[in-house]
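*Asks:* Chains as they are written, first to last, in the numbering used here: chain X, 2 to 379; chain B, 22 to 103. In this text, a Cβ means the ideal position worked out from N, Cα and C, and glycines have one as well.
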């Protein structure tokens, strides 16, 4: 492997990207998915994390263009040059450009966008070309690659880790601050049959159950949840919150209390918050929400308030017309006021008091009734 | 006719080689001189550098394997640093 002259690299581990425009060759969802998958390739072997922004200047700006496209390195029509990208840095640096005179495909019948994007994003992170023919960073496109068995070569891994090091112990997980130790188990009423929650949200593959000033943190890999003070992770967040949900492709968890909401990314409390819930398009008469969930596949966020819900379009960043609708009409069986909701394994889990309803969104019915603390293996 | 096509193919090949070496291997742009230089030591060295990098036999000549690889789609970022 080689790196760019001077070995430029990002001096931070959280990188933003923005898909500036789309190729007409593929549905937008396919482009989004190919880029996400390409970033994941590098995320898995480094401490780097990526989140997508929809406006403004991102570290990595991704675009499709033909011929001369403003960087004095014109594309050449169909064939030969497929794409190019710039080493880490400000401005155009870090950006990846794809030649839209190619026929971009999800499979290998044309030019596979995922393979090219994974290569170009390697440049965006600081890798130059590799002379190893088996490496992703080899400059020549290999249409014979078996996509189902795609993996980085050791040369690619050595290259990127020479810049950023190896992944932290659990790259997806929220590290426990040094100032925060789990509270004593007896302080946690996690096995109480009357336990209810204020809010529940996923965060980087874990589930956080919020209650008063505390939260339980449950990884699917460990049977026992940790129990923490909210303030030990995020000093500015309120206690007794109303709702929380994660937007995974932005790596943000939104926290709601009263008519305000906050945003966190891992340990970081994002600037510019709290904001009014009315900036989301909720009616001015509404003073709080009960629960919320963002569905990644649909790119929609649902806000539950008493017996109604509103739906927010994450792509358009606006509330959808035709709402509110009755919860019970679209989520048959969910009849009580919702305290909290989150998604796992394709099901929605609605919490109401000490009860929990497992709802299958495809079958549109409640499939199990559980205790609210069923996730704690009491 | 065969002679004519062959000559034309040769010209096209040289043009591709020149552009390839200029774009990806830092060969100085010198259009008029390239034809004369094609057998010169700097050009041969650049061809060998390209062949070594791409995992080809280092013949220093524009052979069919080298031509084939140069025709394949690729990333536009140069293979060697400026």
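1. When we look at the beta-carbon of residue 273 of chain X and count the other beta-carbons within 10 Å, is it buried (16 or more) or exposed?
2. Using a Cβ-Cβ cutoff of less than 6 Å, which residues in the same chain neighbour residue 270 of chain X once the five nearest sequence positions on both sides are dropped?
3. Given residue 92 of chain B, which residues of its chain have a CB within under 7 Å of its CB, disregarding the five upstream and five downstream residues?
4. Please give the ranges of any alpha helix (DSSP H) in the region 4-62 of chain X, keeping only runs that are unbroken, at least 4 residues long and fully inside the region.
5. Between the Cα of residue 124 of chain X and those of X:109, X:330 and X:90, spot the shortest distance and give me the residue it belongs to.
6. Would residue 97 of chain X and residue 54 of chain X qualify as a contact pair, given that the criterion is a beta-carbon distance under 8 Å?
7. Return helix, strand or coil for residue 376 of chain X, following the three-state DSSP convention.
8. On the DSSP letters alone, give me the boundaries of the alpha helix (DSSP H) that residue 69 of chain B sits inside.
9. Along chain B, which residues have their Cβ under 8 Å away from the Cβ of residue 126 of chain X?
10. Just to make sure I have the definition right: I need the residues of chain X whose C-beta is within less than 7 Å of the C-beta of residue 100 of chain B. Which are they?
11. Taking C-alpha atoms, which residue in X:135, X:329 and X:150 lies nearest to residue 157 of chain X?
12. Are the CB atoms of residue 295 of chain X and residue 248 of chain X within a distance shorter than 8 Å?
13. Please tell me whether residue 137 of chain X and residue 154 of chain X are closer than 8 Å, where the distance is taken between their beta carbons.
14. For chain B, is any of its Cβ atoms less than 8 Å away from the one on residue 83 of chain X?
15. Our contact map puts residue 352 of chain X next to residue 373 of chain X with C-beta atoms below 8 Å; I'd like the distance itself, whole angstroms only.
16. Closer than 9 Å between beta carbons: that is the criterion. Which residues of the region 63-78 of chain B meet it against chain X?
17. Please determine, among X:322, X:299, X:255 and X:300, the residue with the shortest C-alpha to C-alpha distance to residue 290 of chain X.
18. Would you please verify whether the beta carbon of residue 134 of chain X is less than 8 Å from any beta carbon of chain B?
19. Would you give the residue range spanned by the alpha helix (DSSP H) that residue 123 of chain X belongs to?
20. For residue 81 of chain B, return the contacting residues in chain X, with the cut-off set at a CB-CB distance below 9 Å.
21. Say whether chain X places a C-beta atom closer than 8 Å to the C-beta of residue 93 of chain B.
22. Check the Cβ of residue 34 of chain B against every Cβ in chain X and list those closer than 9 Å, keeping chain order.
23. By the criterion of Cβ-Cβ separation under 8 Å, what are the contact partners of residue 74 of chain X in chain B?
24. Within the chosen definition, does the region 16-33 of chain X reach the region 104-117 of chain X through at least 3 CB pairs nearer than 8 Å?
25. With a threshold of 8 Å between beta carbons, is residue 272 of chain X in contact with chain B?
26. Does residue 261 of chain X come out as helix, strand or coil in the three-state DSSP assignment?
27. If I measure Cβ to Cβ from residue 385 of chain X and keep anything under 8 Å in the same chain, skipping five residues before and after, which residues do I get?
28. Going by CA-CA distance only, name the one from X:69, X:14, X:67 and X:24 that's closest to residue 48 of chain X.
29. Using a C-beta cutoff of 8 Å, does residue 90 of chain B count as contacting chain X?
30. Quick one: list the residues of chain B neighbouring residue 120 of chain X, beta-carbon separation under 7 Å, in chain order.
31. Shortest alpha-carbon distance to residue 166 of chain X belongs to which of X:46, X:103 and X:7?
32. Examine chain B for any beta-carbon lying closer than 8 Å to the beta-carbon of residue 24 of chain X, and answer yes or no.
33. Is there a C-beta anywhere in chain B that falls below 8 Å from the one on residue 35 of chain X?
34. Is there a Cβ of chain B sitting closer than 8 Å to that of residue 86 of chain X, yes or no?
35. Straight-line CA distance for residue 143 of chain X to residue 129 of chain X?
36. Tell me which residues share the same chain as residue 163 of chain X and place their Cβ nearer than 8 Å to its Cβ, disregarding the 5 neighbours each side in the sequence.
*Replies:* The answer reads as follows:
1. In summary, residue 273 of chain X is exposed, with fewer than 16 beta-carbon neighbours lying within 10 Å of its beta-carbon over all protein chains present.
2. Cβ neighbours of residue 270 of chain X beyond the five flanking positions: 235 and 237.
3. Counting only Cβ-Cβ distances below 7 Å, and skipping sequence neighbours, we find nothing.
4. 29-44, all fully within the region 4-62 of chain X.
5. Residue X:90 is the option with its Cα nearest to residue 124 of chain X.
6. Going by C-beta atoms, residue 97 of chain X is not nearer than 8 Å to residue 54 of chain X.
7. Three-state DSSP puts residue 376 of chain X in a helix.
8. Looking at the DSSP string, the run of the alpha helix (DSSP H) that includes residue 69 of chain B is 62-74.
9. Listed along chain B is no residue with a C-beta nearer than 8 Å to that of residue 126 of chain X; the closest approach is about 13 Å.
10. Near residue 100 of chain B (Cβ distances below 7 Å), the residues of chain X are 130 and 140.
11. Proximity to residue 157 of chain X across X:135, X:329 and X:150 peaks at X:135, based on C-alpha coordinates.
12. A contact, by the Cβ cut-off of 8 Å.
13. Cβ distance < 8 Å, so residue 137 of chain X and residue 154 of chain X count as in contact.
14. True, the Cβ-Cβ gap to chain B drops below 8 Å.
15. About 5 Å; that satisfies the 8 Å criterion.
16. Of all residues in the region 63-78 of chain B, 73, 74, 75 and 76 have a Cβ within less than 9 Å of some Cβ in chain X.
17. The residue with the shortest Cα to Cα distance from residue 290 of chain X is X:255.
18. Under the Cβ distance rule, residue 134 of chain X counts among the residues neighbouring chain B, one pair being separated by less than 8 Å.
19. Where residue 123 of chain X is concerned, the enclosing alpha helix (DSSP H) stretches over 114-126.
20. Neighbours of residue 81 of chain B on chain X: none; closest Cβ ~17 Å, over 9 Å.
21. True, the Cβ-Cβ gap to chain X drops below 8 Å.
22. Within chain X, no residue comes near residue 34 of chain B; the closest Cβ sits about 14 Å away, beyond 9 Å.
23. Within chain B, the residues 97 have their CB atoms less than 8 Å from the CB of residue 74 of chain X, given in chain order.
24. These segments touch.
25. The beta-carbon of residue 272 of chain X is placed no less than 8 Å from the nearest beta-carbon of chain B.
26. In the structure shown, residue 261 of chain X adopts extended strand secondary structure according to DSSP, grouped into three states.
27. This structure cannot settle anything about residue 385 of chain X, because the visible part of chain X is limited to 2 through 379.
28. Comparing Cα positions, the closest option is X:14.
29. At least one chain X Cβ lies under 8 Å of residue 90 of chain B.
30. Result: 96.
31. Per the Cα distances, X:46.
32. Not one chain B Cβ lies under 8 Å of residue 24 of chain X.
33. Residue-level contact check: residue 35 of chain X does not touch chain B, since none of the beta carbons of chain B fall below 8 Å from its beta carbon.
34. Taking Cβ atoms only, chain B reaches closer than 8 Å to residue 86 of chain X, which makes this a yes.
35. Taking the Cα positions, residue 143 of chain X is about 17 Å away from residue 129 of chain X.
36. The beta carbon of residue 163 of chain X sits closer than 8 Å to the beta carbons of 2 and 4 from its chain, once the five residues preceding and following it are set aside; these are given in chain order.
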